[in-house]
Every structure is written in C-alpha cells, then in structure tokens.
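Chemist: The following block contains the structure, expressed as structure tokens.
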Amino acid sequence: MMNEDDCSDSDKDNLQVKQDKSLLYKPGYQQYLWSSIVTLDKEPEKEELVAIAHKASEEMQATLHNALKNKQPSIMTALQVGKEVYLASSATGDYSLIYED
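Everything in the sequence shown is counted per this note's numbering, starting at 1 for the first residue and increasing by one.
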C-alpha cells in the first residue's frame, strides 16, 4: 500500500491515493487497485472517516486514466486503526487475487 507520512487533519486535501503497483506481478497482465495509509493527528470521528473515504475515492477517480473503462475500481474502503486510516479500492483486472499461506 502507498503510505503518506504524518498527515495533519488539515492535510486531508491530499491523501496520496495512488495506483498500487505491487499487484503487477504477471508480465502482460493488468491489475488495478488504488491505496494509501494516512496518519492523522487524532482519531477521526465516524463522519470524518466517511469524508476521508469520499475524498480518497475522488482522488482515485481523478487518476483512473491508467485503467481501462471496464476495469476501473468502483469502491473505496477505509479502515481506521487508532490515528491511521488504511484506504484501498476494490481490485479489478485480468486475474483474481488469491492469498495462500
């Protein structure tokens, strides 16, 4: 996941949501996922977390020119752990993601 260094609450204007290239392990195949990790000054309220997810989705939408129209992610999720917010879009592309132990 992309990581944003310490982010004050006033820096929520730029969440550093970028295409996560760590999924591109098969030559010739395309996989699309946008992500970021944001560290805030304090734990966000529920309404703030929703606003951060919306802003992250807007940042993703602004950079979707890299993805084909039918492979563009449509969902942005936000997971709060203390002062950190983990952002990740749905994953789309040429193959499924399967994690094995």
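Where is the CB? At the ideal position from N, CA and C, for every residue including glycine.
1. Going along the chain, which unbroken runs of the beta strand (DSSP E) with 3 or more residues stay wholly within the segment 9-77?
2. Just to confirm before moving on: does the CB-CB distance between Glu-45 and Lys-83 stay below 8 Å?
3. Out of curiosity, what's the CA-to-CA distance linking Ser-57 and Ser-89?
4. Of all the options His-54, Thr-92, Val-85 and Asn-70, which has the alpha carbon lying nearest to the alpha carbon of Leu-40?
5. Can you list, in chain order, the residues of its chain whose CB lies under 7 Å from that of Leu-64, leaving out five sequence neighbours each side?
Modeler: Taking the geometry as given:
1. 34-39
2. Within the sequence shown, the letter at position 45 stands for residue 45. Within the sequence shown, the letter at position 83 stands for residue 83. Cβ distance not < 8 Å, so Glu-45 and Lys-83 don't count as in contact.
3. The count along the sequence shown starts at 1 and reaches residue 57 at position 57. The count along the sequence shown starts at 1 and reaches residue 89 at position 89. Each residue's alpha carbon lies about 8 Å from the other.
4. Walking along the sequence shown from the start, residue 40 turns up at place 40. Checked all of His-54, Thr-92, Val-85 and Asn-70; the closest Cα to Leu-40 is Val-85.
5. Position 64 of the sequence shown, counting from 1, holds the residue named residue 64. For Leu-64, the CB contacts under 7 Å within the same chain, skipping 5 residues up- and downstream, are Gln-72 in chain order.
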